[in-house]
Amino acid sequence: MRISLNWLRELVEVTLSPQELAQTLTVAGFEVEDLIDRRTLADGVVVGKVLEVQLHPNADKLRVCQVDIGQDRPSNIVCGAANVRPEIFVPVATPGTYLPIIDLKLRSTKLRGVRSEGMICSLAELGLEKESEGIYIFPQENLTLGADVCPLLGLDDVILDLTSTANRADALSMVGVAREVAALTGASLKLPQAPKLSISPGDKAFQVNVAEGKASPAYIGTIIENVKIAPSPDWLQWRLQAAGVRPINNVVDVTNYILLEWGQPLHAFDWDRLVNFTPSKALTIGVRFARENETLDTLDGQTRKLQTANLLITANDRPVALAGVMGGEETEVSENTENLLLEAALFDSVVIRRSSRAQGLRTESSARYERGVNQAELDLACARAIALLQELAEGTPVSQKIADVRPDKTSWTRSIELRLNRVHRLLGKVNSGEKIEDIPAADVERILTALGCQVATISAQPQTWQVKVPPYRYRDLEREIDLIEEVARLYGYDRFCDTLPSKTEPGYLSVSQQMKNKLREAFRGVGLTEVVQYSLVNPELAEIALANPLFTEYSALRKDLLFGLIDAFEYNQSQGNGALNAFEIGRIFWREGSKIQEADAVAGIMGGSLLSGNRWLHGGKESAMTWFEAKGLLESVFSRLGLKVEYQPESEDSRLHPGRTASLWLDGKRLGTFGQLHPQLRQERNLPDEVYVFNLAVEVIFAGMKQEDILVPRFQAYSSYPAVERDLAFFAPMKLRVAEIAKSIQQAGGKLLEKVELFDEYRGENVAEGQRSLAFSLSYRSSDRTLTDEEVEPVHNKVREALTDKFDVTLRS
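Take any residue in the sequence shown, note its place counting from 1, add 31, and you have its number in our numbering.
Now the structure itself:
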């Protein structure tokens, strides 16, 4: 919010400089993002009086003016504005003046051969309007020539661009900021007061019917007759402009002024348009939720299709405004308006937030209702608006109707118990300037009282207070810890001692973090790139939808990681970057009955060539990754992690090729899936034929890894004795899995058999149908001696016998 320092000083007697005030607010948790000194916009611009105007001898659209700026002689100024004329007072930028809005430094020069000693300015050139048709003419008479124009244009001000946290709804008003400044500086408050109004019933009778009492606990409608629509006085326009609000007319400007002053949104309807808007003259103003297929033309010129989440203001049940968000175009105040219906209401913050989001429309009004408007000051803000409309628009309030279901005033505040020892325990020691001590009880009472709280002692030993929170802090101060935070904030964070701990310890990673890091290292080690993607996905790809999503396309929790990786692979290829070999470690979610479960998973995608110089080796063409190469990468990862994984054929996942997919098992537990993408999916996504994916459960991987090896890696000595190599070839049925054969060989070979490796497979001529030829390389080794043939042959024969007995294979060697 933009805070005018001049306006603020009318509400609180603050004597700090703008820089000191900005520093004080920032330290207290209100970030001052910018400090705008409006005086620099017209520094060097003075009041001048045009004495004489003549046509330029060399230009039809230029005028040569004699302008008196209070010096010994008039200044000769060339001006191109059509509205320049004698006997007017104007702002004049003298030579040497810098105008930051147009980035121009004035100097004496010649324009079409005629000397010009300055410039007569428009409001656009002084930063008060976006566009101006001509120079600005002061409406006042008998101004002091050569005087500074800043006080005459409202530019003798400094603006603080203030950002408050979401819990401080009271900081979205000048009164709220003034209260905060008073609490921080000890200055006295001078809040505006509204006169008591006695509104006599008029002939314009109407009713207020609030169908949704929880959504709108209070609604005040006031009819004001015989208003005169006109521009607002300068002081009101200047304050709105300083806050970044464009002045429109006196009625609309008053509603915006009250919004800025008290944080209470108001809306003014044209009463006669409201009456003519419905066929019945007996008008009922209602508050209800929208129905299906209703529409509303809003003030921004759009026809909006209403949703059931939209809260409406209605006239005889016809929508005339989006409650708390924006008014309707058909009942807006115009230059022909004579009678008003002024709305002052409270709306539920959640209802307005949903209504605003449903339309994708956020306004200054909705921003305040979303955070919560102070319900205790609704009547005061309404009365002040009526008083200003009487003063500035000469209106007469003739009738007022109130629908109020607010609880009694005792519910607008709360009492919280605060313990001094709890304050000391949480905040620690402070530097009072004389010594290091705990915050004194007197300072705690002083701070809370300055915030508007009522503090009463309920126990002296230990010191305990009963703190009654003011209504404008009702939403913010709910618990004891909130009061302690306020004590720390106003006492000054910079006054707390920053004593370091007497003993420090080095940081460390937990076992799960170390294991996850090792998992990352293993995948990176085989050439895969780690990617990180959103846990939120399109609801079509998940079974758990969010109740309150930010975006429709990210409105559900992902059930696996493969969809995101396939999308990333497709995008990478479409950008001309080739195949994406990547992995991701992330959270997945699923339902088990009525409960939602979550776990860590790791998935990856692979395709394309493994070698950067592959095209050189294959005649300018890249060779595709084979199934065995992709499996080899995964096997390398398992080897690095010390995992022995079994593969079994599977065809359950419709995204994967039914004949080239395997389920992975570790220690009897399902680890995940590995396979090639289904041809139909590859065709739909325009992907290459050889794309492989894997999807693994992190929890199963961690269970299979030895934790002691992660925490304290142990060295295992290599055998210094050579291995004895033996080959074993045989015919085996196609249905017999290689993994089963290798497992049986390892069991039969015992401790001497170090490694079993398949190095050849053949199908075709000289091999019976339904059979294949397999050849394994077996390595025998001992850690304490060189093995002899006499030691190896019995073990090798035992392996041969185990294969023929268990699998009925036909040995070839």
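Glycine included, C-beta positions come from ideal geometry on N, C-alpha and C.
This structure is a prediction, so every number in the text was calculated from the model and none was measured.
Between the C-alpha atoms of residue i and residue j, what's the straight-line distance to the nearest angstrom?
i                 : j                 : result
glutamate 788     : serine 810        : 9 angstroms
arginine 686      : leucine 697       : 23 angstroms
serine 844        : phenylalanine 762 : 10 angstroms
arginine 450      : glycine 207       : 27 angstroms
glutamate 160     : tryptophan 496    : 53 angstroms
glycine 355       : serine 380        : 9 angstroms
arginine 506      : tyrosine 288      : 24 angstroms
serine 106        : alanine 53        : 41 angstroms
arginine 768      : phenylalanine 659 : 15 angstroms
phenylalanine 61  : threonine 194     : 6 angstroms
proline 182       : asparagine 37     : 11 angstroms
arginine 794      : alanine 630       : 43 angstroms
serine 533        : lysine 460        : 15 angstroms
serine 147        : cysteine 96       : 9 angstroms
valine 382        : leucine 342       : 7 angstroms
valine 676        : leucine 805       : 21 angstroms
phenylalanine 554 : valine 563        : 14 angstroms
leucine 593       : proline 710       : 16 angstroms
valine 43         : arginine 415      : 19 angstroms
alanine 833       : arginine 671      : 30 angstroms
phenylalanine 600 : glutamate 323     : 42 angstroms
valine 475        : serine 463        : 13 angstroms
According to DSSP, residue i sits in a beta bridge with which residue or residues?
i              : result
threonine 852  : As displayed, the chain neither begins before 32 nor continues past 844, which places residue 852 out of reach and without an answer.
histidine 12   : Because the chain in this structure spans residues 32 to 844, residue 12 falls outside the shown range and cannot be described.
cysteine 110   : Arg94
alanine 249    : Leu377 and Asp435
aspartate 815  : Answer is none; aspartate 815 lacks a bridge partner.
alanine 728    : Ala632
glutamate 792  : Leu805
leucine 712    : Per DSSP, none; premise fails for leucine 712.
threonine 329  : Gly359
valine 17      : Nothing can be reported for residue 17, as the shown portion of the chain is limited to 32 through 844.
valine 145     : Leu142
asparagine 462 : Ile467
Does the Cβ-Cβ distance between residue i and residue j come in under 8 angstroms?
i             : j                 : result
arginine 214  : leucine 550       : At residue 214 the sequence reads alanine, which differs from the arginine that was named. In this structure, leucine 550 does not lie closer than 8 angstroms to alanine 214 by Cβ.
isoleucine 5  : glycine 149       : For residue 5 there is no data in the structure shown, the boundaries of the chain being 32 and 844.
alanine 770   : tyrosine 723      : no
leucine 759   : phenylalanine 838 : no
alanine 251   : asparagine 281    : What sits at residue 251 in the sequence shown is isoleucine, not alanine. Not closer than 8 angstroms, so no.
leucine 559   : alanine 632       : no
serine 870    : leucine 596       : Limits of the chain in this structure are 32 at one end and 844 at the other, which puts residue 870 out of reach.
alanine 249   : leucine 409       : yes
threonine 704 : phenylalanine 725 : yes
arginine 210  : glycine 483       : yes
glutamine 485 : lysine 466        : no
serine 263    : leucine 423       : yes
lysine 136    : glycine 111       : no
leucine 66    : leucine 203       : no
Taking residue i as part of the alpha helix (DSSP H), name the residues at either end of that continuous run.
i              : result
serine 396     : 395–402
aspartate 54   : The sequence shown places glutamine at residue 54, not aspartate. Where glutamine 54 is concerned, the enclosing alpha helix (DSSP H) stretches over 49–58.
lysine 829     : 820–838
tryptophan 293 : 281–293
leucine 596    : 593–605
threonine 216  : 205–216
serine 682     : Careful: serine 682 lies outside any alpha helix (DSSP H) and carries neither H nor E.
tryptophan 38  : 36–42
Under 7 angstroms from any heavy atom of the ligand FMN, does the C-beta of residue i make it?
i          : result
serine 667 : Only the bare structure without any ligand can be found here, which leaves the ligand FMN out of the picture.
From what residue to what residue does the beta strand (DSSP E) around residue i run?
i             : result
glutamate 623 : 613–623
alanine 519   : Taken as a continuous stretch (DSSP letters only), alanine 519 belongs to no beta strand (DSSP E), being part of the alpha helix (DSSP H) at 511–522.
alanine 346   : 342–346
glutamate 64  : 62–68
glycine 690   : 687–697
serine 83     : Reading off the sequence shown, one finds glutamate at residue 83, where the question assumed serine. Segment 76–86, the beta strand (DSSP E) holding glutamate 83.
serine 667    : Not the beta strand (DSSP E): serine 667 falls in the alpha helix (DSSP H), residues 658–672.
How about residue i: is its C-beta nearer than 8 angstroms to some C-beta of chain B?
i           : result
glycine 358 : Among the protein chains of the structure shown there is no chain B, as only one such chain exists.
Problem - Contact the segment 81–91 vs the segment 182–189: 3+ CB pairs below 8 angstroms - result: Three or more Cβ pairs closer than 8 angstroms define a contact, and the segment 81–91 falls short of that threshold against the segment 182–189.
Practice task
Determine, using beta-carbon pairs with one atom in the segment 379–394 and one in the segment 270–290, whether at least three such pairs fall under 8 angstroms.
Solution key: no
Problem - Contact between the segment 167–183 and the segment 120–132 (3+ Cβ pairs under 8 angstroms) - result: Taking 8 angstroms as the limit for Cβ pairs, the verdict is that the segment 120–132 does touch the segment 167–183.
Exercise for the section: Determine contact between the segment 319–334 and the segment 356–371, defined as no fewer than three beta-carbon pairs at a distance below 8 angstroms. Expected result: yes
Exercise for the section: Could you tell me whether the segment 299–319 touches the segment 334–349, using the rule of 3 or more Cβ pairs below 8 angstroms? Expected result: Contact holds: three or more Cβ-Cβ distances are below 8 angstroms.
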